[in-house]
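Single-structure report; data block below.
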Amino acid sequence: MYLFLRLMGFNKTKKKLVVLSIFCVIVLTWCFSIGKLFSDPYSTIIRSSNGNLLSARIASDGQWRFPCSDSIPDKYKKAVVFFEDEYFQYHLGVNPVSLVRAFSQNLVSDKIISGGSTLSMQLIRLSRKGKSRTYFEKIIEIALAIRLELTHSKADILNLYASHAPFGGNVVGLEAASWRYYGRSSNLLSWGEITTLAVLPNAPSLIYPGKNHQLLLSKRNRLLDKLSRKGILTKENCELAKEEPLPQKPIPLPQHTPHLLNRSFKDGIKNKQIYSSIDQELQLSLNELMKRYHFRLSQNEIQNAALLVIDVKNAKVLSYVGNTNCKVEDCGSNVDVITANRSTGSTLKPLLYMSMLENGTLLPNALIEDVPTKISGYSPQNFNRSYDGAVPANDALVRSLNIPAVKLLQNYGVQEFYKRLNELQIGSINKGASHYGLSLILGGAECTLWELCEAYYFLAKKLNNQPLKPISYLKEINVESALELGNFSKASIFQVFDMLTQVNRPLEEGAWKIFESSKKIAWKTGTSFGQRDAWSVGVTPEYVVGVWVGNADGEGRPGLTGVKMAAPLMFETFKKLNTTTWFESPESELKTIEICAQSGFRKSINCPESRFVRNHEMGIHYPTCEYHKIIHLDNNEKFRVNSSCYDVSKMKKKSWFSLPPVQEWYYRLRHPSYKKIPELHPDCIVNNERVMDLIYPNDGLKIYIPKGLDGSFSAAIFEIAHKNPSAEIYWYMDEQFLGKTIRSHKLEIVANEGVHEFVFTDE
Numbered sequence: 001m002y003l004f005l006r007l008m009g010f011n012k013t014k015k016k017l018v019v020l021s022i023f024c025v026i027v028l029t030w031c032f033s034i035g036k037l038f039s040d041p042y043s044t045i046i047r048s049s050n051g052n053l054l055s056a057r058i059a060s061d062g063q064w065r066f067p068c069s070d071s072i073p074d075k076y077k078k079a080v081v082f083f084e085d086e087y088f089q090y091h092l093g094v095n096p097v098s099l100v101r102a103f104s105q106n107l108v109s110d111k112i113i114s115g116g117s118t119l120s121m122q123l124i125r126l127s128r129k130g131k132s133r134t135y136f137e138k139i140i141e142i143a144l145a146i147r148l149e150l151t152h153s154k155a156d157i158l159n160l161y162a163s164h165a166p167f168g169g170n171v172v173g174l175e176a177a178s179w180r181y182y183g184r185s186s187n188l189l190s191w192g193e194i195t196t197l198a199v200l201p202n203a204p205s206l207i208y209p210g211k212n213h214q215l216l217l218s219k220r221n222r223l224l225d226k227l228s229r230k231g232i233l234t235k236e237n238c239e240l241a242k243e244e245p246l247p248q249k250p251i252p253l254p255q256h257t258p259h260l261l262n263r264s265f266k267d268g269i270k271n272k273q274i275y276s277s278i279d280q281e282l283q284l285s286l287n288e289l290m291k292r293y294h295f296r297l298s299q300n301e302i303q304n305a306a307l308l309v310i311d312v313k314n315a316k317v318l319s320y321v322g323n324t325n326c327k328v329e330d331c332g333s334n335v336d337v338i339t340a341n342r343s344t345g346s347t348l349k350p351l352l353y354m355s356m357l358e359n360g361t362l363l364p365n366a367l368i369e370d371v372p373t374k375i376s377g378y379s380p381q382n383f384n385r386s387y388d389g390a391v392p393a394n395d396a397l398v399r400s401l402n403i404p405a406v407k408l409l410q411n412y413g414v415q416e417f418y419k420r421l422n423e424l425q426i427g428s429i430n431k432g433a434s435h436y437g438l439s440l441i442l443g444g445a446e447c448t449l450w451e452l453c454e455a456y457y458f459l460a461k462k463l464n465n466q467p468l469k470p471i472s473y474l475k476e477i478n479v480e481s482a483l484e485l486g487n488f489s490k491a492s493i494f495q496v497f498d499m500l501t502q503v504n505r506p507l508e509e510g511a512w513k514i515f516e517s518s519k520k521i522a523w524k525t526g527t528s529f530g531q532r533d534a535w536s537v538g539v540t541p542e543y544v545v546g547v548w549v550g551n552a553d554g555e556g557r558p559g560l561t562g563v564k565m566a567a568p569l570m571f572e573t574f575k576k577l578n579t580t581t582w583f584e585s586p587e588s589e590l591k592t593i594e595i596c597a598q599s600g601f602r603k604s605i606n607c608p609e610s611r612f613v614r615n616h617e618m619g620i621h622y623p624t625c626e627y628h629k630i631i632h633l634d635n636n637e638k639f640r641v642n643s644s645c646y647d648v649s650k651m652k653k654k655s656w657f658s659l660p661p662v663q664e665w666y667y668r669l670r671h672p673s674y675k676k677i678p679e680l681h682p683d684c685i686v687n688n689e690r691v692m693d694l695i696y697p698n699d700g701l702k703i704y705i706p707k708g709l710d711g712s713f714s715a716a717i718f719e720i721a722h723k724n725p726s727a728e729i730y731w732y733m734d735e736q737f738l739g740k741t742i743r744s745h746k747l748e749i750v751a752n753e754g755v756h757e758f759v760f761t762d763e
């Protein structure tokens, strides 16, 4: 250095000043750059919206070590200072008096019995991970303690000490000790409890609750006496604190949201305190509700369920019950069903309705065909295996009929509907429209409960006219608008939600249930094929509640349906929420349309009765009623007539509601008041009117008939519907008479491979 300075032309005085300056810079840099003291892994802690502990996971090194707190209770500050370092606020990391006294005691005893360490020195020793207690090590601690005091406030030093001091066993830090020994936060501890924790780090390997009980009690009481002498406690409070019992073995930490805690790990949020949006009171209440509900479910060997509650306005999760707490071996209770892909069942049907209202291909009351259907080898079935013939669209949605939904999707287009689902960010449905086909609307795709609830939440948000943003379970995160709902208009959302407010739904064939609810809720259920998944989603302007019920391993169970199993839990959840309102009608987006009162189509000139409805403006493009026809009757209104057989002046003109033959066949069974169109007068010329139609097979269908073991073909069952219930039908194949049927028109037909010509004629 001196050689370098001489070469630079510095004289002797300047050389000394430069060297001194460099030395000072080095010393100051060393003093004020202590760096990070601890690199220990922390437990992951999840807290409720009001800061209470919900769940915790032990640190990766097996220690219960909570992340550092911003502050510590005033009680603990006073207790630990008077026990460990009474002059903490007055020294610069080292107390010379304590050091001299400790050195004298150790010299007399010929061994180290006292270290004379301040809290700052103890914190340094904790950070150096159990270095040997030697005089040389003590000198290092003194130097580093002074350095610590120069770079940290007294409050920071106390916080660091409280967060990293050992409290016996695998418990590290005040907050972890408070929960492990007393089951609550440190700011709720009494004087007896807080002083117990203040003395524990003094000798954690020797003294901890459940061991050396009397020694711990003596230390605690001596500290209480000292606090009384110093005027911190009154004598009365001191004696009362001495009466408090010591904790015994550590108690388990709360696990109110274990699945949400696991999810935070998957989301990369770990080893820290997570302040969630969870409402603790609601979470505990719903945990208890799930426990009771699971007991009933388990009687039918249904072991799993999940429940999600979303605050629509604030885009926050209020409750997250990822699964039941079933005790059966391998029952899958650790699976977070909220994030598990499951068959959607019928839960996507409302989204199809919204899409079709917006392009004018649906009116809420319009009749939809509901007859046995086979489309390119795909044969959807209604849950109860029955048919309505024709059913109003809104009724089909509420009853969750499958065949009408498939016909609507066929009309709308699978590819277009797939795009709409992508708009709602249902990311699990990602294999392309052709992969799912028409089964997409009946549960042929899978998504998560989170995605489904978020989709309905987006719709509620749009209808509330609020900025769209993804939901979050974190309290403070504020995500800007990240979604556009494209053509999902407020008008279509409102109309479909209004359809879904009916509280009476079919449980199964011949059985209905009315759900009592003082709140107006739009809700939809779903049941997957094989009764493996039961869903229910409810929406109000304030909340979205989603429920899934089933078995995590996919085992189906009899009676596992959305209405029977999931809906009751959803309604019970709504009862625990605050009072809700209903969505405002988006009148500016609705248009008055005149519809046929019976068919639900736009009114035609043949409709005898009509009514006005408020509908999405695209509804004006929907077809006019095709079911009302003008017919001419004889004077007694018994027969239809025409000019070839009857005097025109005596004819009676009338509008008649008439369905196609197959639809009529099933419609009459459910609607006894339906009047079939009168028969033609015997004297009139038949005008090639279509009075019967094939139910199976339908147009363009190829029939694959299996062969038996002997190589012979099996029979195919043909079925025909006729407008006349008592009609006789004569069956021919390739000009050969096969037989005659009356009333029920079904016939087994055996045919060889190839193309055959069939003729069916009535009497």
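For what it's worth, my numbering labels the leading residue of the sequence shown as 1, then goes sequentially.
Just so it is clear, CB atoms sit at the ideal spot from N, CA and C, and this is done for glycine as well.
query, result
"Are three or more beta carbon pairs between the stretch 343 to 353 and the stretch 607 to 622 nearer than 8 Å?", "no"
"In angstroms with no decimal places, state the Cα-to-Cα distance between serine 117 and glutamate 329.", "53 Å"
"Buried or exposed: valine 648, going by 16 or more other Cβ atoms within 10 Å of its Cβ?", "exposed"
"In the DSSP assignment, the alpha helix (DSSP H) including alanine 241 goes from what residue to what residue?", "235 to 242"
"Please classify glutamine 598: does DSSP put it in a helix, a strand, or coil?", "coil"
"Pairing CB atoms from the stretch 408 to 428 with CB atoms from the stretch 484 to 496, are three or more of them under 8 Å?", "yes"
"Please classify arginine 65 as buried or exposed, where buried requires at least 16 other C-beta atoms within 10 Å of its C-beta.", "buried"
"In the DSSP assignment, the alpha helix (DSSP H) including tyrosine 76 goes from what residue to what residue?", "74 to 84"
"Look at the Cβ atom of alanine 522, then the Cβ atom of threonine 561, and state whether they are nearer than 7 Å.", "no"
"Given a cut-off of 7 Å on the beta-carbon distance, is the pair alanine 59 and proline 73 in contact?", "no"
"Curious, which full-length alpha helix (DSSP H) runs of at least 4 residues does the stretch 235 to 319 contain?", "235 to 242, 258 to 266 and 280 to 298"
"Using a 10 Å radius around the Cβ and a threshold of 16 neighbouring Cβ atoms, would you call lysine 603 buried or exposed?", "buried"
"Looking at asparagine 325 and serine 333, is the spacing between their C-beta atoms short of 7 Å?", "yes"
"May I have the straight-line CA-CA distance separating tyrosine 293 from glutamine 283, to the nearest angstrom?", "15 Å"
"By the 10 Å Cβ neighbour count, where 16 or more other Cβ atoms means buried, how is threonine 195 classified, buried or exposed?", "buried"
"May I ask you to report which of helix, strand or coil DSSP gives tyrosine 730?", "strand"
"Give the DSSP-derived three-state secondary structure of isoleucine 368 in the structure shown.", "strand"
"Beta strand (DSSP E) containing phenylalanine 657: first to last residue?", "652 to 657"
"Helix, strand or coil for cysteine 447? Go by DSSP, reduced to three states.", "strand"
"For threonine 583 and aspartate 311, what's the separation of their Cα atoms in angstroms?", "This sequence places phenylalanine at residue 583; threonine is not what is there. Looking at the two C-alpha atoms, the distance is approximately 15 Å."
"Between the C-alpha atoms of serine 400 and glutamate 587, what's the straight-line distance to the nearest angstrom?", "28 Å"
"Against chain D, does leucine 449 count as a neighbour if the rule is that its beta carbon must be under 7 Å from one of theirs?", "Among the chains in the structure shown there is no chain D, since it carries only a single protein chain."
"For a test of the three-state rule: what should DSSP assign to asparagine 170, helix, strand or coil?", "coil"
"Please name the residue in Glu735, Pro725 and Pro706 whose C-alpha comes closest to that of asparagine 752.", "Pro706"
"For proline 258, which residues from the same chain have a beta carbon less than 6 Å from its beta carbon, with the 5 sequence-adjacent residues on both sides left out?", "Ser55"
"Return the CA-CA distance between glycine 437 and lysine 431, expressed in angstroms with no decimal places.", "11 Å"
"What did DSSP end up calling glutamate 664 once you bin it into helix, strand or coil?", "helix"
"So, serine 391 versus isoleucine 375, is the Cβ gap smaller than 7 Å?", "The question names serine, but residue 391 in the sequence shown is valine. For valine 391 and isoleucine 375, no; Cβs fall outside 7 Å."
"Assuming isoleucine 274 and arginine 47 form a contact by the criterion Cβ under 8 Å, report the distance between their Cβ atoms to the nearest whole angstrom.", "7 Å"
"Classify threonine 151: buried if its beta carbon has 16 or more other beta carbons within 10 angstroms, exposed otherwise.", "exposed"
"Look up proline 392 in the DSSP assignment and give the residues it is bridged to.", "Leu367"
"Counting C-beta neighbours from all protein chains within 10 Å, is the total for lysine 219 16 or more, i.e. buried, or is it exposed?", "buried"
"What's the call for glutamate 748, buried or exposed, on a 16-neighbour Cβ count within 10 Å?", "exposed"
"Can you name the residues that DSSP bridges to threonine 44?", "Arg57"
"Please go through the same chain and pick out, in chain order, the residues whose beta-carbon is closer than 7 Å to the beta-carbon of leucine 28, but skip the five residues on each side of it.", "Because leucine 28 sits at a pLDDT of 45, beneath the cut-off of 50, its placement in the model cannot be relied upon, and the point is left open."
"Take isoleucine 595 and list the residues in its own chain whose beta-carbon comes closer than 7 Å to its own, dropping the five residues that flank it on each side.", "Leu363, Asn365, Phe601, Arg602, Lys603, Ser610, Arg611 and Val613"
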